[in-house]
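Numbering (this note's numbering), first residue to last: 103 to 428.
Inspection log for the structure reproduced underneath, given as structure tokens.
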Amino acid sequence: MASIRRELVALIERGAIPREQVARAVALSGLHPSGRAWGVFLDRLLLWLGALALVFGVLFLVAYNWAEMGRLMRFGLVQAALLVAIAVYVWAEVRGAASDLVPRVALMAAALLLGVLLALVGQVYQTGADPWQLFFVWAVLMLPWALVARFDALWLLWLGLLNLSLALYFRTWGGLFGLFSGDTGALWGLFILNTLALAVWELGARRWRWLSRGWPVQLLALGGGVPLTLLMMSWVVAERLAFSPVLPVYLLWLVALYVVYRHWRPELFMLAGGCLSVIVVVTLLLGRHLLWQGGAESFLVLSMAVLGMGAAAVFWLKRLHREMSS
């Protein structure tokens, strides 16, 4: 749909489609969803919302009636819901459901119920495990399901659990193997994990078509770019601007972002994210020197710098958009 929109905009801008024929061209292109398309959308939306409502309904039912329910009742209810979700998945796969969305939704519900079951075990038996262990074990146990399902949303849930367990690990122990420590170590860990996941995802998408290159890739890019930008911001606001490994890593990340998403696989969202990161870091660097050492006129200089960088980024991105659309 996005490629059709880009091609149509390019034809209109080049004058290939007369202005009086634009409305007819838009109608023939299929950009406006039909009644059947709306029906499919609502069907999938209600299926997802219904599955999530059932999962959270089981969770809140156990939590609200904790005092009235015995131990066996709690485990029995959650395990029964988990078995039902797995049974629906097996049934849909064996029967060859008309849509492959039903088994995927069932397996996603089962993965969420697995987390509810692990939390229930920790709450009932008070194992004394750290919070990060819950999410790490959850990710390990659901890994076979993610391998079987070949569903990008389930893989993102798995990566989200790894991100959460890594962040909680640093909060609990304050470091990893003596190499990273504190909040800075957690940011380094999140950057490395998500950047590696992004690289594997991009390479895997060339072989396996079920790996989407849309919003999952963009989400992984945010998961790697945001921690690295925060690391650069931490370096800028430090008392002394000494050399830090984050400097070459940040520059290499920007170069890789440009080469990959400008030439190998053009993607405007990634380049816009890189521009935003540079603007944030440069603005903070200018603010450190202008606001901490200058007077009121520093605000004017800083605002003009932000407007200039923003305008330059918009101009460059619009030009790239025209090139990608042609």
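Where is the CB? At the ideal position from N, CA and C, for every residue including glycine.
Item                                                                                                                         : Value
Continuous alpha helix (DSSP H) stretch holding glutamine 225: start and end                                                 : 203 to 227
Identity of the residue in Leu387, Asp285, Trp418, Glu122 nearest valine 403 by Cα                                           : Leu387
4 or more residues per run - each alpha helix (DSSP H) lying fully within the segment 303 to 347                             : 317 to 338
From Trp257, Leu300, Ala212, residue whose alpha carbon lies closest to that of alanine 155                                  : Ala212
Coil, strand or helix - aspartate 232 by DSSP                                                                                : coil
Local Cβ density within 10 Å of leucine 359, reported as buried at 16 or more and exposed below that                         : buried
Span separating the alpha-carbon of leucine 179 from that of phenylalanine 417                                               : 58 Å
Local conformation of proline 246 per DSSP, three classes                                                                    : helix
Contact belief for leucine 261 with alanine 299 at Cβ below 8 Å, rounded distance in angstroms                               : 6 Å
Beta-carbon proximity check, glycine 291 vs leucine 268, cutoff 8 Å                                                          : yes
Assigned secondary structure, tryptophan 168 (DSSP; H/G/I helix, E/B strand, else coil)                                      : coil
Proximity to arginine 424 [Cα-Cα], best of Leu393, Leu370, Ser379, Met411                                                    : Leu370
Inter-stretch contact at 8 Å, needing at least 3 Cβ pairs: the segment 208 to 225 / the segment 170 to 187                   : yes
Outcome for valine 59 when other beta-carbon atoms lying within 10 angstroms are tallied against a minimum of 16             : Because the chain here runs from 103 to 428, residue 59 falls outside it and cannot be looked at.
Arginine 421 to glycine 316 span [Cα, whole Å]                                                                               : 22 Å
Nearest-angstrom beta carbon gap, alanine 323 and glycine 375 [assumed within contact, 8 Å]                                  : 6 Å
Pick from Gly327, Leu151, Met426, Arg342 that is closest to tryptophan 366, judged by C-alpha positions                      : Met426
Simplified DSSP assignment, three categories, for glutamate 369                                                              : coil
Under the three-state DSSP convention, the category proline 120 falls into                                                   : coil
When Phe238, Leu185, Arg390 are compared against arginine 342, the one with the closest alpha-carbon                         : Arg390
Phenylalanine 177 in three-state terms, based on DSSP                                                                        : helix
Residues of its chain near alanine 208, where Cβ-Cβ distance is below 6 Å and the 5 sequence neighbours each way are ignored : Ala187, Val190, Tyr191
Between the CA atoms of leucine 263 and tryptophan 240 - distance to the nearest angstrom                                    : 8 Å
Sequence-distant residues of its chain with Cβ nearer than 7 Å to tryptophan 355 (five each side left out)                   : Leu330
Backbone CA spacing between glycine 325 and glutamate 122 [nearest angstrom]                                                 : 45 Å
For valine 339 and phenylalanine 401, the rounded distance between their alpha carbons                                       : 18 Å
Distance, alanine 125 Cα to phenylalanine 238 Cα                                                                             : 53 Å
For arginine 424, the first and last residue of its enclosing alpha helix (DSSP H)                                           : 399 to 427
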